[in-house]
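See below for the structure under consideration.
Residue numbers (the numbering used here): 1098 to 1379.
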């Protein structure tokens, strides 16, 4: 083909892309109408569905378009059309690096969703809890300044706090943009199945036990106090809470507290081979 013919073909492709995006938006309107009839408008966040989409796109990807560009485009589409289902904000952890958090938020939630920077993780949880429809993004520091995750899940006063629903970044690759490790929290999701990775608030008197990785358990963050250690643990979803408790007991490291606080789809590690199964716990 000549250069002019190639450009004409590109115009045709662009028109098709636009038409497909409009068709997708029309389908979202049908979803909005159906959810309104069911009275379930608030529960619009489906991390597992979004993860399945990205896994399929990655498996089918080819050519010169960088996979990170594809992810960013798709995140913009998903976030914009999610906003069409309900009005929500994203509250950002102000204790994290401002530039890194801003890049992360823009990459995953785009420009259509309002963002607010809060002073620290506890403030993020408070805003998400109050709104019941907003999302929060909290950076994962290896050693946390406070055990903020105590505000997640079923709390000690009997109330229900927000839960962890996603982990960022989802696509793990060396030198990727928007690579700040973080979790997404929400008061409500539309998820009904057990997540790939379950997250627990675990507390010990004394030192944190070693050899956790024998079961594929990851310490997302921990807080050390005079009394002992609080840890936020990521555990493969195929390990039940009872099996986890038995594992700790066998290791002579029975915790004082073991509390489920959410979960997320397993990230895809693009530097290693992967399939559609959850195999990328870092």
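No residue lacks a Cβ here, since even glycine has one placed at the ideal position from N, Cα and C.
Since the structure is predicted, the reported quantities are computational estimates derived from the model, not experimental observations.
Should the segment 1341-1358 be regarded as contacting the segment 1225-1233, the criterion being three or more beta carbon pairs within less than 8 Å?
Verdict: no, contact absent.
Using CA atoms only, rank isn't needed, just tell me which of 1280, 1323 and 1316 is closest to residue 1190.
Comparing Cα positions, the closest option is 1280.
With a floor of 3 residues, list each beta strand (DSSP E) that falls wholly inside the segment 1133-1212, ordered by position along the chain.
Complete beta strand (DSSP E) runs here, min 3: 1186-1190.
How would you call residue 1115, buried or exposed, if buried means at least 16 neighbouring beta carbons within 10 angstroms?
Under this definition residue 1115 is an exposed residue.
Would you kindly work out how many angstroms separate the C-alpha atoms of residue 1376 and residue 1334, rounded to a whole number?
Bear in mind that a pLDDT of 39 at residue 1376, under 50, signals an unreliable position, so the model cannot answer this.
How far does the alpha helix (DSSP H) with residue 1341 in it reach, from first residue to last?
Taken as a continuous stretch (DSSP letters only), the alpha helix (DSSP H) holding residue 1341 covers 1338-1347.
Where do the N-terminal and C-terminal ends of the beta strand (DSSP E) with residue 1299 fall, by residue?
Its beta strand (DSSP E) spans residues 1294-1302.
Would you tell me roughly how many angstroms separate the C-alpha atoms of residue 1264 and residue 1102, rounded to the nearest one?
Rounded to the nearest angstrom, the two C-alpha atoms are 44 Å apart.
In whole angstroms, give me the CA-to-CA distance for residue 1175 and residue 1317.
If I take the Cα positions, the gap works out to 27 Å.
Look up residue 1249 in the DSSP assignment and say whether it is helix, strand or coil.
Here residue 1249 sits in coil by DSSP.
Could you tell me if residue 1298 is buried or exposed, where buried requires 16 or more neighbouring beta carbons within 10 angstroms of its beta carbon?
Label assigned to residue 1298: buried.
For the beta strand (DSSP E) containing residue 1219, list its first residue and its last residue.
That residue, residue 1219, is in no beta strand (DSSP E); its alpha helix (DSSP H) goes 1218-1228.
What are the residues that DSSP puts in a beta bridge with residue 1366?
In the DSSP output, where bridge partners are listed per residue, residue 1366 has 1269.
Taking the beta carbon of residue 1158 as the centre, do at least 16 other beta carbons fall within 10 Å, making it buried, or is it exposed?
By the neighbour-count rule (16 or more Cβ atoms within 10 Å), residue 1158 is not buried but exposed.
With respect to the beta strand (DSSP E) encompassing residue 1333, which residues constitute its N-terminal and C-terminal limits?
Element bounds for residue 1333: 1325-1333.
Roughly how many angstroms lie between the CA atoms of residue 1122 and residue 1143, to the nearest whole one?
Cα-Cα distance, rounded: 17 Å.
My output table needs one value for residue 1263: the three-state DSSP class, helix, strand or coil.
Looking at residue 1263 - three-state DSSP - the assignment turns out to be strand.
Compute the Euclidean distance between the alpha carbons of residue 1152 and residue 1323, then round it to the nearest angstrom.
Answer to the nearest angstrom: the Cα atoms are 43 Å apart.
For the beta strand (DSSP E) holding residue 1315, just list the boundary residues, first then last.
Run containing residue 1315: 1315-1321, per the beta strand (DSSP E) assignment.
Could you pull the DSSP bridge partners for residue 1281 from this structure?
Residue 1281 is bridged to 1234 and 1263.
For residue 1331, which residues from the same chain have a beta carbon less than 6 Å from its beta carbon, with the 5 sequence-adjacent residues on both sides left out?
Here the set comprises 1294, 1296, 1315 and 1317.
Applying the criterion that 16 or more other CB atoms from any shown protein chain within 10 Å of the CB defines a buried residue, is residue 1373 buried or exposed?
Confidence at residue 1373 is low in this model, with a pLDDT of 36, below 50, so the placement of that residue should be treated as unreliable; the coordinate-derived value is given next. Exposed, since its Cβ has fewer than 16 Cβ neighbours within 10 Å.
Please state whether DSSP places residue 1290 in a helix, a strand or coil.
Coil, per DSSP.
Considering only residues of the same chain and omitting the five flanking positions on each side of residue 1352, which have a CB-CB separation below 7 Å?
Closer than 7 Å at the Cβ level, and outside the excluded window around residue 1352, lie 1299, 1300, 1301 and 1345.
Can you tell me the Cβ-Cβ gap for residue 1188 and residue 1215, rounded? I've got them flagged as a contact below 8 Å.
Going by Cβ atoms, the distance from residue 1188 to residue 1215 rounds to 5 Å, so yes, they are a contact pair.
When you compare each of 1104, 1177, 1248 and 1321 to residue 1207 by their alpha carbons, which one comes out closest?
Closest by alpha carbon: 1177.
State the Cα-Cα distance for the pair residue 1110 and residue 1251, rounded to the nearest angstrom.
Using only the alpha carbons, I get a separation of about 50 Å.
Have a look at the DSSP bridge pairing and note the partners of residue 1354.
In DSSP, residue 1354 forms a bridge with 1300.
So residue 1249 and residue 1261 are supposed to be a Cβ contact under 8 Å. How far apart are they, rounded?
So it is a contact: roughly 7 Å between Cβ atoms.
Of the choices 1366, 1204 and 1257, whose alpha-carbon is the least far from that of residue 1227?
Ranking the options by Cα distance to residue 1227, first place goes to 1257.
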